[in-house]
Structures are given as C-alpha cells and as structure tokens.
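Asker: In the numbering used here, the protein residues as written are 41 to 298.
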Amino acid sequence: MKVVSLSATYPYPSSLISITTVQRRHRHSLPAAIQPQNYPLEEHYQRKAKKYWDGFYKRHKNKFFKDRHYLEKDWGNYFSDDSCCPNGNPKVVLESHSEFREERVNAFVCNVVNDDLSRNVNPSSVDVVTLIFMLSAVSPKKMPLILQNIKAVLKPDGYILVCDYAIGDFAQVKLLDRNQMIGDSFYVRGDGTCSFYFSEDFLSTLFLEAGFSTVDINIHLKQIKNRSQDITMNRRWIRAIFNNVNKHLSLSCSNSRS
Numbered sequence: 041m042k043v044v045s046l047s048a049t050y051p052y053p054s055s056l057i058s059i060t061t062v063q064r065r066h067r068h069s070l071p072a073a074i075q076p077q078n079y080p081l082e083e084h085y086q087r088k089a090k091k092y093w094d095g096f097y098k099r100h101k102n103k104f105f106k107d108r109h110y111l112e113k114d115w116g117n118y119f120s121d122d123s124c125c126p127n128g129n130p131k132v133v134l135e136s137h138s139e140f141r142e143e144r145v146n147a148f149v150c151n152v153v154n155d156d157l158s159r160n161v162n163p164s165s166v167d168v169v170t171l172i173f174m175l176s177a178v179s180p181k182k183m184p185l186i187l188q189n190i191k192a193v194l195k196p197d198g199y200i201l202v203c204d205y206a207i208g209d210f211a212q213v214k215l216l217d218r219n220q221m222i223g224d225s226f227y228v229r230g231d232g233t234c235s236f237y238f239s240e241d242f243l244s245t246l247f248l249e250a251g252f253s254t255v256d257i258n259i260h261l262k263q264i265k266n267r268s269q270d271i272t273m274n275r276r277w278i279r280a281i282f283n284n285v286n287k288h289l290s291l292s293c294s295n296s297r298s
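#1: Would DSSP call THR233 helix, strand or coil?
#2: Strictly by DSSP, which residues pair up with TRP277?
#3: Name the residue from ASP241, GLU142, VAL152 whose alpha carbon lies nearest to the alpha carbon of ILE186.
#4: Can you name the start and end residues of the beta strand (DSSP E) that ALA147 belongs to?
#5: Take GLN188 and list the residues in its own chain whose beta-carbon comes closer than 7 Å to its own, dropping the five residues that flank it on each side.
#6: DSSP on VAL153, reduced to helix/strand/coil?
#7: Buried or exposed: where does GLU142 fall if 16 or more other Cβ atoms within 10 Å of its Cβ makes it buried?
#8: Can you tell me which of the three DSSP states PHE173 falls into?
#9: Taking the beta strand (DSSP E) that PHE226 falls in, what are its first and last residues?
#10: Leaving out five residues before and five after MET183 in sequence, what residues of the same chain have Cβ atoms less than 7 Å from its Cβ?
#11: Would you call the CB atoms of ARG275 and ILE207 closer than 9 Å?
#12: Let me confirm a value: VAL168 is counted as buried when at least 16 other C-beta atoms fall within 10 Å, else exposed. Which label applies?
#13: Taking CB distances under 9 Å as the criterion, tell me whether ILE190 reaches chain B.
#14: With DSSP collapsed to three states, give me the class of SER253.
#15: Quick one: what's got a C-beta closer than 7 Å to SER292's C-beta in the same chain, skipping five residues either side?
#16: How many angstroms separate the CA atom of ALA73 from the CA atom of PHE210?
#17: Do the CB positions of GLU82 and LYS191 come within less than 9 Å of each other?
#18: Shortest alpha-carbon distance to VAL145 belongs to which of PRO196, VAL166, ARG218, ARG87?
#19: Going by the CB atoms, is the gap between ILE281 and TRP115 shorter than 9 Å?
#20: Mind checking which residues open and close the alpha helix (DSSP H) that includes LYS88?
#21: Please state whether the Cβ-Cβ distance between PRO163 and VAL193 is less than 9 Å.
#22: At the level of alpha carbons, what is the spacing between PHE148 and VAL161?
#23: Buried or exposed: which applies to ASN284, given that a residue is buried once 16 or more other Cβ atoms fall within 10 Å of its Cβ?
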C-alpha cells in the first residue's frame, strides 16, 4: 500500500511512504454550496507564501507542529491493524510496521498547486493520502486544484484523511479581532503566513465537487487553560475521511437510475 503525507511547509510539500492497511468506515453527507469571493490581499500573500513559510521554518525549525497521538487513535486502521503509533507522526506509523522497508520511501518536495504529482508518484497507485494542517495554508480558490492533483495519483477506492483548523477556533477569533481577515474564513498571521478555518459544510462540499464521498467528518473541541495569562482557549479542529469516487461506477449507477 502507498501513503502520501502532505504538510504545510515550503509552501506545499509532500512525502511518499509505503505500508499496508485494513478496515474502513462509511458515512455520507451532502453539504451546502461554496460561494468564494474576491479579496485583493489574498492574492498578495499567496504570491509571497514561499517567502513567509521559509521565514516561519527558519525561526521554528521542526518544533512548532508537535507530534500527536490522534493518528493511531482515529486513523490507525487505515494504516495497519497492529502498528503502534507512539506520537502521531505518519512516518512513525509506517516505520513501526513489521514489513516497513526504508528503500520503499520516496520523499520529495513539490508545490501541489502547480506541480504534477504524477511525475513522482504513479497514477492511481496511492491508497491513502494524509492532509494534516496543510489545506488551511492555501487559498480556498486553489484547494480544488490540489484535490484534482491528488485524485490523479489516488486509487479509485483510495482515501484522503484530513485534520485541520475549524471555524470558531480560538486562533481565528484572535485574528478576526485584529482585523487580519483577507478572505472568507481566510486570515493572515503576523508573520505573513495564512490560515483558513473550515466548517463541515465547506470541507464536505469542497471534496464532493472534486469527486469524493464523505466517509466521516466531525469537529473536535478542546479547552486549554493558560494559567500564566489567565486565558481559556477554546480550540477547534476538523477531522474528516473522504473516499475517491470511481467515475465509471458513478456513471453506471446514474445510467441505471435514468
């Protein structure tokens, strides 16, 4: 099995890793339509994204995004039925598998908006793609391009696993109060990097219009207390699983109903 893991680094890189997987869950939803609007600053910060993300990682290196446990807890069955994931890092999930082989890892950097993934990954060869705090770094106008790029290398029954920022998150509220909105639910931080905050309807519709069905989607809430500043932070994240819809199967089903 092939797994592609995409994360927001410089500015939209990807790494390919391999393993086997098993069980799946299924649930479908039909959300509301997306209605994007035009904001001039949005284009400016997206053009400069490489510069701002380079500065971000020069300052923070690899210490900003900490390893988490939710990968094994929520998505472990998509990678392996017996692997142990101590810290939630996708590569750790794969390395812990008994059949993991380093030579099967193909790590590369690319801009998934403009660069064709099939130049590094065989078409229709990937079982699972993880998008962990990656889509939120991209303008919502460019998200459909990314999904079509991924779809080209995903198997007809492949899955995309998403974890990202949800609308109403504490960080979004702070950015809104500072008048840093540059698009619908799209904000620029003080360092020039951008962040989009997803609703269930927006994310579901985004994938539905790209030819995916919703397997599972939900908002995770966590209240964090900063004792030194006496602040309670209401954090909100969205996690979702999408299944690649087989075009031929969809057409045959449509024809049978007509």
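The beta-carbon is built from N, C-alpha and C at its ideal position, and this holds for glycine as well.
Answerer: The answer reads as follows:
#1: DSSP, reduced to helix, strand and coil, places THR233 outside both helices and strands of the structure shown, so it counts as coil.
#2: Answer is TYR205, HIS260.
#3: Sorting ASP241, GLU142, VAL152 by C-alpha distance to the C-alpha of ILE186 places VAL152 at the top.
#4: In the DSSP annotation of this structure, the continuous segment of the beta strand (DSSP E) that includes ALA147 starts and ends at 146-148.
#5: These residues qualify, in order along the chain: ALA250.
#6: Per DSSP, reduced to three states, the secondary structure at VAL153 is coil, with no helix or strand assignment.
#7: By the Cβ-count criterion, GLU142 is exposed, with fewer than 16 other Cβ atoms from all chains shown falling within 10 Å of its own Cβ.
#8: In the structure shown, PHE173 falls within a coil segment according to DSSP collapsed to helix, strand and coil.
#9: Segment 226-228, the beta strand (DSSP E) holding PHE226.
#10: Taking C-beta separations shorter than 7 Å and ignoring five residues to either side along the sequence, the partners of MET183 in its chain run LEU175, LEU246, following chain order.
#11: Judged by beta-carbon spacing, ILE207 lies beyond the 9 Å limit of ARG275, meaning their Cβ atoms are not closer than that value.
#12: The C-beta of VAL168 has 16 or more other C-beta atoms within 10 Å across all chains shown, which makes the residue buried.
#13: The structure shown contains no chain B; it is built from a single protein chain.
#14: Here SER253 carries a strand assignment [DSSP, helix/strand/coil].
#15: Because the pLDDT of SER292 is 44, which lies under 50, any placement of that residue in the model is unreliable, and the number read from its coordinates should be weighed accordingly. By the criterion of a C-beta distance shorter than 7 Å, SER292 is surrounded by no residue of its chain, once the five residues flanking it on both sides are discounted.
#16: In this predicted model, ALA73 has a pLDDT of only 35, less than 50, meaning its place in the structure is not dependable; the value taken from the coordinates is given anyway. Straight through space, the alpha carbons of PHE210 and ALA73 are spaced by roughly 25 Å.
#17: No, the Cβ-Cβ distance between GLU82 and LYS191 is not below 9 Å.
#18: Ranking PRO196, VAL166, ARG218, ARG87 by Cα distance to VAL145 puts VAL166 first.
#19: In contact: TRP115 and ILE281 (Cβ atoms closer than 9 Å).
#20: For LYS88, there is no enclosing alpha helix (DSSP H), as DSSP marks it with neither H nor E.
#21: A contact, by the Cβ cut-off of 9 Å.
#22: For PHE148 and VAL161, the distance between alpha carbons rounds to 10 Å.
#23: Around the beta carbon of ASN284, 16 or more other beta carbons lie within 10 angstroms, which makes this residue buried.
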